[in-house]
Amino acid sequence: MKKRIPFIFLIILSLFIVIIFYGKILFNPNNYLFNTTGDAIKNYYTYYYHIANDTSYINFQGMNYPYGEHYLYTDCHPVFSNIFHFLGQYFNHIYEYSIGFINWFMIISIFLTFILIYFILLEFNIQKWIAVLFSIGITILQPQIFRLTGHLALSYSICIPLTWLLLIKLNKLNNKWLYILLLLLNNLFWLFIHAYLGIIIIFFQVSFWAITMLSNRKERKKLISYINLFFTIVFPLIFFRLFIFFTDKHIGRTDNPSGFFLYNAEPDDIIIPHHPPLRPLLDKIHGLNINLQWEAWSYIGLAFSIILIYFLIFFIIQIFRKRKNELYKKYTDNNILNISLISSFFALLFAFAFPFKIFPGLIDFFTTLKQFRATGRFDWVFFYVFTVFAVYILYQLFIYFKNKGKYWVAYTLLFISGIFTIYEGIPYHIETSNNICQSKNLFLVNNLDNDYKTALSKIDFNQYQAILPIPFFYNGSECFSRPTNNSIVRTSLLFSTYTKIPIVGAYLTRTSVPESKKIVQMISPSFYPKMIEKDIYSQKPFLIIISNEETSEYEMDILNKSNLLLKTDSFSIYQISKQKIFENTAKNEFENFNKMKDSLFKKGNFLVKDTDAFIYFNTYENHPSDTAFRGKGAFNGIKKGKNIFVQFDSNTFLTDKEYIVSAWMYNGEKDALNLWFRFIIEEFDEATNQWYTTTAFPEISEVIYGNWSLIELKFKMNNTKNKIYIVSKGKDDSKAKLHLDDLLIRESNTIVYRTSVLNGSQVLFKNNHEIKPKFNQ
């Protein structure tokens, strides 16, 4: 019984800590949402919708209408959502408790992490009471706690310690088949909870296996070593990939997502604090500019940072010594811990994006790695392994000083290190526990505002096929997008949940590029043919949800054709028939032009109401091109770096006027408009040597016409004496082609017309739009 007292004490203390910080959640898990904005509300929604509303285990129908999405790409806790989906066939309304389950499990994960770290420390022969102290410290300081407010499935802090413990057991015990099976199930489980977690732990295991093989000739001769490799690493990856291959019906996902070099770790993310008590002290140091990457937060604590620096210096000194120090032998006498540390170091290097930051072009040969836009998360492995290794070093020092009779040094070193580590981690949980208790569970109807309850009771939602959110949002393919605003996203997701109506937009990741192009084009002016129309078979009308946020000109055109059903302080609801939303208005545009053309005046090749209005138009016909929007010429270049399309001298534009720049960009090639590609108006003030910029991102263009997107950007001058440059900027390593045509600059209150004949039919030019008779499109 005495042997169990430290473990019992740890359980009691761990529960006490969890209850103190997260008791509200633990005892009432179904009452809260940890966050109602951004990724958090989306993750709750995809999880809940898949359980309550989807008819398929594989295809998620809540967003990306009419195509839906493969459930593994929705961040819906796939294992848990499908379990509840299955149970829902036998237990009515079980879905109402599904939010409470994942909330509870995310918190219990913290408690279980205390236990797992404790057992890992025991595996390395750390004295039990010391293991209790540092299992508390390491768990309190673990970096995944911050994922509770956003990336919910990434918050499971048990993932890496559990995998490591199983790996230790596999390499220490004779019953290897049991732990091979457990690791196989473990790896599959985490791959299907969140692919990032699965890949992180498999990366660690691959490194561990490779280093073991390289350092141990006997292991290379054992068949069990290769059986281990296949069943714990190769098989889970093949199974996961084949499962997606055979069940994913969505084609054209990007293999070149942005962000690989944006969210990398750096050494300061490991050793520099981001919270009190130490961070405020660092911020007071004049001239010290700390810029940590949130995605890579893995601060190991002051005590362990000192150990890290001490060990690095100590290790370097020992390399050049012929006779190794006694402490050095003790520090490195545990082979499994040594291999774990080196393996975690490789994970840390990948978190740093090494060697790709040094040789950026190298990533093009490893396209699969580009899928990891946040490599900084891989430093979590280093956090867990090194903090345990640091405890191992402290314990060796503890024994060393005790043997020297310096008991006060031995105990003081351990006590201060452990207590201060806990002290540093407490602010994490004060902040997080406060943040995740702010919002009620909005997936319980009683927690909804009265505006929602009124709408749900007054409108017959069964007669609608899909929700069209305005402002329209689309996030996923990275090639065709629309901005996501918290208000309209949350409002749309909630109505979709309660009405079981899918959303035309998307807040997902890696969606099909062709699907995204068709969906975003629904917002384009109605005189363009809509490619998505033939994919929508239902004849039911669309439900429009509009929040109190700024809407675009093209969104207002849709609203003007819609009928108001309900208006509240928070949102308005409209309906629009399928016929009206897809009605081609080209004929109306021609009729309106013919009615007013006699009142227009000629200005160059255009017709306008005011001949004094500023107009600039460049057809680039002096640049012959096989890829042109109109005519036979276009600006051709490479997205890389800076392209100057046109520049204007001083006194060209007035400060009291607002101007609109528009240009057609070719979107028909891979990565034509995305990957941090910008369309920019630069204003240069020579007197002050200052630049003013107005920026648009071509990938979020609302106007899509075939393989061309119309980029539109408003600007005003700061000083008439300044020069203006219309440019594009792309990443320095971009190899994609750039095609731009028909650049128009006009005053915002000016409508510019022109007519021409194409294949025997009249074509109308209106503010750079090309309007053709419907039969000729």
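For the sequence shown, the working numbering assigns the number -1 to the initial residue and increments by one for each residue that follows.
All C-beta atoms in this analysis are idealised placements derived from N, C-alpha and C, irrespective of residue type, glycine included.
- For residue 191, the closest of 154, 214, 289 by C-alpha to C-alpha distance is 154.
- Only buried fits residue 416, as 16 or more other CB atoms lie within 10 angstroms of its CB.
- The C-beta distance from residue 658 to residue 744 rounds to 6 Å, short enough to meet the 8 Å contact threshold.
- From the listed residues 516, 563, 184, the smallest Cα separation to residue 197 is found for 184.
- Note: residue 760 is bridge-paired with 755 in the DSSP secondary-structure output.
- CA-CA distance, residue 113 to residue 8, rounds to 8 Å.
- Within the stretch 694 to 769, the runs of beta strand (DSSP E) at least 3 residues long that lie entirely inside it are, in chain order, 701 to 703, 706 to 714, 721 to 728, 735 to 745, 751 to 756, 759 to 764, 767 to 769.
- Distance from the CA of residue 391 to the CA of residue 126, rounded to the nearest whole angstrom, comes to 16 Å.
- Taking residue 230 as the centre and dropping the five residues before and after it, the same chain places the C-beta of 178, 181, 182, 185, 203 closer than 7 Å to its C-beta, in chain order.
- Taking all protein chains in view, the Cβ of residue 627 is crowded by 16 or more other Cβ atoms within 10 Å, so the residue is classified as buried.
- With a beta-carbon spacing of about 12 Å, residue 499 and residue 453 fall beyond the 8 Å limit used to define contacts.
- For residue 213, the number of other beta carbons within 10 angstroms of its own is below 16, and it is reported as exposed.
- In this structure, residue 766 lies near residue 660, with their beta-carbon atoms less than 8 Å apart.
- Between residue 591 and residue 742, the C-beta gap is not smaller than 8 Å, which leaves the two residues out of contact.
- Nearest neighbour of residue 147 by Cα position, chosen from 703, 731, 351, 104, turns out to be 104.
- Scanning its chain for C-beta atoms nearer than 8 Å, with the 5 sequence neighbours on each side dropped, one finds around residue 749 the residues 606, 607, 764, 765, in chain order.
- In this structure, the alpha-carbon of residue 716 lies about 43 Å from that of residue 360.
- Bounds of the alpha helix (DSSP H) holding residue 203 are 193 to 213.
- Within its own chain, the residues whose Cβ lies closer than 8 Å to the Cβ of residue 343, once the five positions on either side in sequence are excluded, are 380, listed in chain order.
- For residue 189, same chain residues with a beta-carbon under 7 Å away, outside a window of 5 residues either side, are 196, 234, 238 in chain order.
- The three-state secondary structure of residue 520, taken from DSSP, is helix.
- Contact check between the stretch 30 to 49 and the stretch 67 to 74: three or more CB pairs, one atom from each, fall below 8 Å, which counts as touching.
- The Cβ atoms of residue 637 and residue 728 sit closer than 8 Å to each other.
- By the criterion of at least three beta-carbon pairs nearer than 8 Å, the stretch 32 to 46 is not in contact with the stretch 207 to 222.
- Between residue 364 and residue 672, the alpha-carbon positions lie close to 20 Å from each other.
- Residue 566 places its beta carbon 8 Å or farther from that of residue 730.
- For residue 526, the three-state secondary structure derived from DSSP is coil.
- DSSP places residue 127 within a helical segment (H, G or I) once states are collapsed to three.
- Excluding sequence positions up to five before and after residue 372, its CB lies within less than 6 Å of the CB of 261, 293, all in the same chain and listed in chain order.
- The beta carbon of residue 746 is closer than 7 Å to those of 656, 657, 658, 712 in its chain, skipping five residues each way along the sequence.
- Between residue 16 and residue 139, the alpha-carbon positions lie close to 14 Å from each other.
- In the three-state scheme derived from DSSP, where H, G and I count as helix and E and B as strand, residue 658 is classed as strand.
- Comparing alpha-carbon positions, the option among 25, 469, 619, 525 lying closest to residue 633 turns out to be 619.
- Nearest to residue 569 by alpha-carbon distance, out of 582, 544, 555, is 544.
- Annotated three-state conformation of residue 148 is coil, per DSSP.
- The shortest C-alpha to C-alpha distance from residue 259 to any of 754, 720, 674, 301 is the one to 674.
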